[in-house]
Structures are given as C-alpha cells and as structure tokens.
Amino acid sequence: MSKLNLSLYDSRQHKVVPFVALDPLHVRLYFCGPTVYDFLHIGNLRAMLTADILVRTLRSLYPKVTYVRNITDVDDKINARAKLNNESIQSLTQRTTQDFHQDMQSMYILPPDVEPRATEHINDIQQMISQLIENGHAYAAEGHVLFSVPSYKDYGHLSGRNPEELIAGARVEVATYKKHPGDFVLWKPSNDDEPGWDSPWGKGRPGWHIECSAMSYRYLGESFDIHGGGHDLLFPHHENECAQSLCCFPESQFANIWVHNAMLLVDGEKMSKSLGNFFTIREILAQHNPEAIRFALLQAHYRSVLNFSQAGLKEAKQIMDRFYRALSAFESDLDQTDDLPEAFTEAMSDDLNTPKALMVMHQLADQALKGNKEAATQLKSAGQQLGLFNTIPSKWFQNTDKAQQIEALIEQRNTAKKARDFTTADRIRDELKDQGIVLEDSPNGTIWRQI
RNA sequence: GGUCCGGUGGCAGAGUGGCUCAUGCAGCGGAUUGCAAAUCCGUUUACGGGGGUUCAAUUCCCUCCCGGACCUCCA
Numbered sequence: 001m002s003k004l005n006l007s008l009y010d011s012r013q014h015k016v017v018p019f020v021a022l023d024p025l026h027v028r029l030y031f032c033g034p035t036v037y038d039f040l041h042i043g044n045l046r047a048m049l050t051a052d053i054l055v056r057t058l059r060s061l062y063p064k065v066t067y068v069r070n071i072t073d074v075d076d077k078i079n080a081r082a083k084l085n086n087e088s089i090q091s092l093t094q095r096t097t098q099d100f101h102q103d104m105q106s107m108y109i110l111p112p113d114v115e116p117r118a119t120e121h122i123n124d125i126q127q128m129i130s131q132l133i134e135n136g137h138a139y140a141a142e143g144h145v146l147f148s149v150p151s152y153k154d155y156g157h158l159s160g161r162n163p164e165e166l167i168a169g170a171r172v173e174v175a176t177y178k179k180h181p182g183d184f185v186l187w188k189p190s191n192d193d194e195p196g197w198d199s200p201w202g203k204g205r206p207g208w209h210i211e212c213s214a215m216s217y218r219y220l221g222e223s224f225d226i227h228g229g230g231h232d233l234l235f236p237h238h239e240n241e242c243a244q245s246l247c248c249f250p251e252s253q254f255a256n257i258w259v260h261n262a263m264l265l266v267d268g269e270k271m272s273k274s275l276g277n278f279f280t281i282r283e284i285l286a287q288h289n290p291e292a293i294r295f296a297l298l299q300a301h302y303r304s305v306l307n308f309s310q311a312g313l314k315e316a317k318q319i320m321d322r323f324y325r326a327l328s329a330f331e332s333d334l335d336q337t338d339d340l341p342e343a344f345t346e347a348m349s350d351d352l353n354t355p356k357a358l359m360v361m362h363q364l365a366d367q368a369l370k371g372n373k374e375a376a377t378q379l380k381s382a383g384q385q386l387g388l389f390n391t392i393p394s395k396w397f398q399n400t401d402k403a404q405q406i407e408a409l410i411e412q413r414n415t416a417k418k419a420r421d422f423t424t425a426d427r428i429r430d431e432l433k434d435q436g437i438v439l440e441d442s443p444n445g446t447i448w449r450q451i
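Counting in UniProt numbering, the first sequence runs without a single skipped number right up to 451 at its last residue.
Here it is as structure tokens:
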C-alpha cells in the first residue's frame, strides 16, 4: 500500500485522527497479549486479528515496524488454574503458550517482532517500581507496593473517568493497606506455593498492569506510536499503564494513539461459559476453514460490536469460494503487485475499514471472473494484504487425499452421461455430494470441489 | 447509579446534508445446463420513536425507547 495517509481512531481523543509516526523510519507499537492459562477464545482472536491487520497495513506504509505483543505468564488466574489441574505453573504456561502460537499460526496471524514474557522481565518491572517510589507515585505497605492514584493529577484521562466517581461505584472491598481506594497493586507478596521473586519489598510478584509498562519501555522506549488491545482493557488496565509510565517518565507521552477493538458477541450476547456460547479458537477451527473465519471477522469494522454466528461463517466460506474461483483461472500465473486499487487502500487507510475494502474485492472478483487478469492480480494482492489467499485455488477446492477415488467416480459418471444414463450419473453425483464433493460440468470437462 | 459506544432493508454490514445506486448473502424472475453446480443478466425490501435546525436529514441538535461495553486485574 502506498501514498495514502493512514487515519486511526484514537480512544483518548474519541475521534479518527491522522496517524503521524513519531519516527517515519520506524513505527513502534505494543498490543496486550494473552494471559496463558487456557486456550484462547474467538474474542481474543478478534483482538489479535485487529493488531495483525494494523501491523500488515503499517508494514506496507513504513520501512520499519516493530510490533511487540507480550505474554502474561504470571497471574493469579494462572496460579488458580495450575492448582485446579494439579499441574505446575511452568508446565501450564508453557503448554498454553504453545497452543496459543499454534492457533495464531493456523489463523495466519503474523508473529510479533518481540514477544516478551512477564517472568523474564522481573528486573525491568522492579526497576520501574523503584523509580515510581522515588518519584513519589508509589508506596510500600504490608509487603505490597501500591500506585498512588491521588499523586497523579491526570489519572482517568485516557478512559474518561474521574477517580472520585470510581470510588463511589467501586464494587470491591478496599484493602486496608491502601491509602486511597483507587490505588492499585504494583507488587504483591507471595506465599511459598505462589511464584515469587526477591525484591526490596520482600518476596513477591508483580501486579498485572506494571508488566506492560515495563516491557513496552524496554522494547519501544518511553514514547511510541500505538498501544492497543480489546476495549475491555481500556479501564483499568490501560489507564493504569498510562499512569505508571507517565509517572515514571514525566517527560514522555507514552503511547501516541490508543487503538481498541470492540467486543464480539455470540448469538447477540457476550460470550460466557455459563451461557454455553463460549468458543475457543480450537473449536471453531475444527469446524471451519481458517480463512473463512478470518473473513467473517473482517466483515465488520474492528470498532463495531460483531455478532459471531454460524450463518456468518457459512457466508464467509461461500464468498471465499467465489474469490478463489475468481483466481483459479490464473492459478499460478499471478504476480504479487503493490498496485492495489485506490478504493481498497483508501478504505484501509480510513481507520482500517475492512468491510469497505472487502467491497472492493467483490468488484475485483466480478472482473476477474470475466477474465480480467489484472483484476485477479489485484484481488489476490488485496486479499493477501488482509492475510487471505494463503493457499492456491486448487488446494483450496481440492484439499483431500481421496482425489483418485473421486476422479474415478467422475469417469464412471461421464461414461454414464455419454450413454444418456442420467439415473446412474445423478446417483454418483449425489453420492459424492454426501461426501462433501460438489461437481461442476464445465465446457472443459467436469471439475470437483469440496464444500 | 456513573462513563462511553451503538440502533440502516429477511440477514450481515458500509456510507452520506440533496445525486439512479453501497456491497455481500438469502429471495424472486430469466439465460445457461439432460438435470444440477458454477457463471451471467434483471429484481423486491431501509435508515428505532418523537421533536427541532435547514430550501432539503437516514446523515446535524434535543429527547425518549432499545441494545451493548466498562466501572480495580475479561481481548
């Protein structure tokens, strides 16, 4: 992609703003990655995909992009799950991290440039906490270190809240060691059966928010271009990160633009295990093609609530079939091109308007199906810009080891057809259909594909 | 209760102060086919309710209704 200026919605300003790189030669961004205690669900997937699309777009526009996505491998949920599974914490986090990587790969989500783990940055975290204490923004109490919310005048700016109201609405009992009800934990003491590290404040482990501040500083510096994550992280997580980093480095601006993707609903409701509408990426991948899943998620703008449904997945597969069909006439004969239609780059530049970009792809597919090779080339390149078309059409339609049997049956059917024995011909076709194989009699002979 | 986001045709989902028109899926009619499939051509259906601003509002403002997110560790 080229030339067009990228605009992004900044959560802090509540509006779409032109993206101006702090360093046009090197764009830096940080997205919150998973806490590794279980398979990721499709809501997590949407967040990872949003980052993926943004990173792919940035890479097409800037010479160098550094994308950092952390792994939270120390957390009370992890401790609880390990105990429940009667499994060591390390074994749980390692296994879950592997599963996560596998899911991302299956979904064609590009790996980040740096994937730091919290447990490998305890020193960075402790240094930052010390600096916060030195700057008068944090205090130690009963083995804890807490961030002092009243010490930071701008607390609440990012998420648009004021601390007073937060206290009034607080639904959690305030711990006695907190000077102010809004204060949050930077460091907390660990028992012998909990993961812990020696520190000036006793053996303990970091709170959730501090790791992202420490790791983004470590790999991207005091100020960087974009920080993102799911909308549910806006408060308190990102607000607290902001407070930590800006109080640690008062001269910095931390993240320039904040990007948050909207939540995903299933059957019109938020996913939850109790409602039984909770799906892991694994479960969906077992039933659906990854590119179809990707497409289904891209059909909605990342900032609008998306209702994830079987119907949506089915439709997405149908459209991908059509797109691949549009490419199939040119199978191996399409070169990569940077010359994407302006309407496509314009849509993507406008706050990653993927639904609009897909509309352009529909138009290109129409042209490609009429034999327009240039349109097919552009369709393929546009799709690849969105992480689609990771396979070739023949593999897309015929990814099975039963090809010989299928082709033998097609031979039989063609023989029957020549003899005008349509009963036999139709019976064979129906049999194949039951196996998920659809036949198409084209002027160049019979072709087959999997549903 | 507080803060924020949203309500567009059967469904999904863009967009805009006025232009013939998003787009896709589904539906309907037709071409093609032995019949299908695929493809092509044509086609029906809309901007939550009520006020206001305006020559003109789905688009701006107010209000009501409805849905969703967040409100101390959920992407």
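Ideal Cβ positions, reconstructed from N, Cα and C, are used throughout, including at glycine.
Just so we're clear, the structure is a prediction, and the values are computed from it rather than from any experiment.
Short Cβ contact (9 Å threshold) for residue 368 with residue 379: Yes, the pair counts as a contact, with Cβ atoms nearer than the cut-off.
Element boundaries [beta strand (DSSP E), containing residue 133]: It is not in any beta strand (DSSP E) - residue 133 instead sits in the alpha helix (DSSP H) that spans 122-134.
Are three or more beta carbon pairs between the segment 81-101 and the segment 136-153 nearer than 8 Å? No, because fewer than three Cβ pairs between the segment 81-101 and the segment 136-153 fall closer than 8 Å, the two stretches do not touch.
Reducing DSSP to helix, strand and coil, say where residue 181 ends up. It is coil, neither helix nor strand.
Could you name the residues that DSSP lists as bridge partners for residue 17? Partner(s): 8.
Between the C-alpha atoms of residue 259 and residue 238, what's the straight-line distance to the nearest angstrom? Cα-Cα distance, rounded: 11 Å.
Under 8 Å from any heavy atom of the ligand ATP, does the C-beta of residue 278 make it? The model on display carries no ligand, and the ligand ATP is accordingly not part of it.
Counting C-beta neighbours from all protein chains within 10 Å, is the total for residue 430 16 or more, i.e. buried, or is it exposed? With fewer than 16 Cβ atoms within 10 Å of its Cβ, residue 430 is classed as exposed.
Cβ neighbours of residue 354 in the same chain (closer than 6 Å, five flanking residues each side left out): Cβ-Cβ distances below 6 Å link residue 354 to 298 in the same chain, with the five nearest sequence neighbours on each side left out; the list follows chain order.
In the structure shown, what three-state DSSP assignment does residue 453 receive? Given that the chain is displayed from residue 1 to residue 451, the structure contains no residue 453 and the question cannot be resolved.
Burial state of residue 407, where buried means 16 or more other Cβ atoms lie within 10 Å: Label assigned to residue 407: exposed.
Buried versus exposed call for residue 296 [16 or more other C-beta atoms within 10 Å across all chains shown]: By the neighbour-count rule (16 or more Cβ atoms within 10 Å), residue 296 is buried.
Out of curiosity, what's the CA-to-CA distance linking residue 70 and residue 343? It is roughly 34 Å from the alpha-carbon of residue 70 to the alpha-carbon of residue 343.
Under the DSSP definition of a beta bridge, which residues are partnered with residue 201? Partner(s): none; residue 201 has no beta bridge.
Should residue 13 be labelled buried (16 or more other beta-carbon atoms within 10 Å of its own) or exposed? Note on residue 13: under 16 other CB atoms within 10 angstroms of its CB, so exposed under the neighbour-count rule.
Taking just the CA atoms, how far does residue 269 sit from residue 394? The alpha-carbon atoms of residue 394 and residue 269 are separated by roughly 38 Å.
With a floor of 4 residues, list each alpha helix (DSSP H) that falls wholly inside the segment 341-415, ordered by position along the chain. Counting only runs of 4 or more, we get 342-349, 354-369, 373-385, 393-397.
As assigned by DSSP and simplified to three states, the class of residue 278: Look at residue 278 here: in three-state DSSP terms it is coil, with no helix or strand label.
In the DSSP assignment, the alpha helix (DSSP H) including residue 219 goes from what residue to what residue? Membership of residue 219 in the alpha helix (DSSP H) is indicated by the continuous run 208-220.
Where the beta strand (DSSP E) containing residue 260 begins and where it ends: Judged by DSSP secondary structure, residue 260 falls within the beta strand (DSSP E) whose first and last residues are 255-261.
Buried versus exposed, by CB contacts within 10 Å (16 or more), residue 170: Unreliable placement is indicated for residue 170, whose pLDDT of 48 sits below 50; the coordinate value is still reported in the next sentence. It counts as exposed.
Any idea what DSSP makes of residue 44, helix, strand or coil? Residue 44: helix per DSSP, three-state reduction.
Classification of residue 144 by the beta-carbon crowding that lies within 10 angstroms, buried from 16 upward: Buried: at least 16 other Cβ atoms inside 10 Å.
Verify whether the separation of the beta carbon atoms of residue 109 and residue 49 is less than 9 Å. Yes, the Cβ-Cβ distance between residue 109 and residue 49 is below 9 Å.
Could you tell me the distance, in whole angstroms, from the CA atom of residue 24 to the CA atom of residue 7? In a straight line, the C-alpha of residue 24 is about 15 Å away from that of residue 7.
Can you find the residues in the same chain that come closer than 7 Å, C-beta to C-beta, to residue 207, ignoring five residues on each side of it along the sequence? Take residue 207, set aside five residues on each side of it, and the residues of its chain with a beta-carbon closer than 7 Å to its own are 184, 185, 186, 187, 188, in chain order.
Out of 117, 43, 413, 293, point me to the one whose CA is closest to residue 106's CA. Distances from the CA of residue 106 to each of 117, 43, 413, 293 were compared; the closest alpha carbon is that of 293.
By how many angstroms is the C-alpha of residue 59 removed from the C-alpha of residue 417? Rounded to whole angstroms, the separation of the alpha carbons of residue 59 and residue 417 is 53 Å.
Excluding sequence positions up to five away, which residues of its chain have a Cβ less than 6 Å from the Cβ of residue 29? Cβ neighbours of residue 29 beyond the five flanking positions: 67, 225, 226.
Express the C-alpha separation of residue 272 and residue 232 in angstroms, rounding to a whole number. The straight-line gap from Cα to Cα measures roughly 15 Å.
Rounded to whole angstroms, what's the CA-CA distance from residue 5 to residue 347? Just pull it up for me. Between the alpha carbons of residue 5 and residue 347 lies a gap of roughly 11 Å.
On a Cα-Cα basis, can you pick out the residue from 391, 361, 330 that is closest to residue 290? When C-alpha distances from residue 290 are compared across 391, 361, 330, the shortest belongs to 391.
Going by beta-carbon coordinates alone, are residue 251 and residue 222 separated by less than 9 Å? The answer is yes: Cβ separation under 9 Å.
So is residue 440 buried or exposed if we call it buried at 16+ other beta carbons inside 10 Å? Residue burial is scored here from C-beta neighbours: residue 440 has fewer than 16 other C-beta atoms within 10 angstroms and is therefore classed as exposed.
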